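The sequence shown begins at 1 in the UniProt record's numbering and counts up by one.
Using N, Cα and C, we set each Cβ at its ideal position, and we do this for glycine too.
A quick note: this is a predicted structure, and the numbers were derived from the prediction, not measured.
Working notes, beginning with the structure itself.
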Amino acid sequence: MRAIDITAPGGPEVLEWREVPDPRPEQGEVVIEVTAAGVNRADVHQRRGFYDPPPGAPPYPGLEVSGVVAEVGDGVEGFRPGDEVCALLAGGGYAERVAVPWQQLMPVPDGVSPVRAAALPEVACTVWSNVFMLARLRRGETLLVHGGASGIGTFAVQLAKALGSRVVTTVGSAEKARRLTELGADEVVNYREEDFADRLSADVILDIIGAKYLAQNIRALNTGGRMVTIGLQGGAKAELDLGALLTKRASIHGTTLRARPVDEKGAIVRSVVDNVWPLVSAGALRPVVYAEVPMAEAAEAHRMLDSGEHIGKILLVR
1 MRAIDITAPG GPEVLEWREV PDPRPEQGEV VIEVTAAGVN RADVHQRRGF
51 YDPPPGAPPY PGLEVSGVVA EVGDGVEGFR PGDEVCALLA GGGYAERVAV
101 PWQQLMPVPD GVSPVRAAAL PEVACTVWSN VFMLARLRRG ETLLVHGGAS
151 GIGTFAVQLA KALGSRVVTT VGSAEKARRL TELGADEVVN YREEDFADRL
201 SADVILDIIG AKYLAQNIRA LNTGGRMVTI GLQGGAKAEL DLGALLTKRA
251 SIHGTTLRAR PVDEKGAIVR SVVDNVWPLV SAGALRPVVY AEVPMAEAAE
301 AHRMLDSGEH IGKILLVR
């Protein structure tokens, strides 16, 4: 088969479409014939040499795909060749085929095309597991989403609104603010023009920035607030005012999804199918897709992501 290989750590130009060994399903795995793959910030970190795949994962980037089940290994439950699926991966999505534990497969939601289904697994599992399973966002509470125009941001805004929360977000341009308002955000702050903590407060914060926003995030938390940090785009180290955290009886969680054991990922996937997929099928939320790029041109997709101008997801399509 062919896959996008990272020839050396570096810029988008190191991504090369080349012949690689075909995957074979191990015990409990299926092989998916890939229709499309989502492009994520983690793929950029891997390309730059900062985020190696976990042990046993394919070396090629790609944390989510849609496609058709092509082969089924021993011990697989509920899936057979020909099923249309999307899947959460530990790696290997930028390829014609990928092997994945069956627990990480999901049916394509009704009303979503086979291509656009690739925009769902990573964002749905990330948002649901962090905002709702971990931080326990409740109806009537306020969620603050940083990076609202990202794939995760556009999905988090829609999902929290669909479940009855107030949603506020930060963006870097007027066009992104307009689009997030259309998706349901109640208030949008342009972080280039003002300090979000001067205007916004929240019960739950979904943070992709890390160190740069730590002090402001603590200021913005309501009493009893919960912050979940899932990215470090603004650095990994900062001084924490524990007094402010104690006064607010607040909590901070740091999580990742990629390296979790299969059983943990499977539990998240099942919860997403039970709780989120019905909303997708009903049209209450939809994947926001900025561009569909041929998989062989993954370097161009990475240039789009690096530019920061996109709104929603970028997909690689075969």
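Residue i in three-state terms, based on DSSP
i, result
"G38", "strand"
"H302", "helix"
"E193", "coil"
"I252", "strand"
"M1", "coil"
"V168", "strand"
"L163", "coil"
"E239", "coil"
"G151", "helix"
"E141", "coil"
"R178", "helix"
For residue j and residue i, the rounded distance between their alpha carbons
i, j, result
"V69", "L246", "50 Å"
"I230", "G56", "23 Å"
"A267", "A117", "20 Å"
"V167", "D74", "44 Å"
"A211", "E33", "40 Å"
"A215", "R226", "14 Å"
"K161", "G184", "7 Å"
"K237", "P53", "23 Å"
"P294", "V115", "12 Å"
"G151", "G243", "34 Å"
Which listed residue (the options) has its alpha carbon closest to that of residue i
i, options, result
"R48", "R179, S66, A8 and A95", "A8"
"D186", "E194, D195, G308 and R199", "R199"
"H45", "L63, T35, I32 and V31", "L63"
"R303", "A3, R41, Q27 and E193", "R41"
"R275", "Y51, Y191 and S129", "The question names Arg, but residue 275 is Asn in the sequence shown. The shortest Cα separation from N275 among Y51, Y191 and S129 belongs to S129."
"I218", "Q233, L232, L240 and G28", "L240"
Nearest-angstrom beta carbon gap, residue j and residue i [assumed within contact, 8 Å]
i, j, result
"L89", "V98", "6 Å"
"L315", "A37", "7 Å"
"residue 349", "A299", "Residue numbering for the chain in the displayed model covers 1 to 318; residue 349 lies beyond these limits and cannot be assessed."
"I208", "A220", "Between A220 and I208 the Cβ distance is about 15 Å, and since that is not below 8 Å, they are no contact."
"V188", "G148", "7 Å"
"P121", "Y94", "P121 to Y94, Cβ: 14 Å. No contact."
Uninterrupted beta strand (DSSP E) stretches inside the segment 49-131 (no shorter than 3 residues): Taken in chain order, the complete beta strand (DSSP E) segments of 3 or more residues contained in the segment 49-131 are 64-72, 84-88, 97-101 and 105-107.
For the segment 254-318, which segments carrying the alpha helix (DSSP H) assignment without a break, of at least 4 residues, lie completely within its bounds, in sequence order? You should have 262-275, 277-281 and 298-307.
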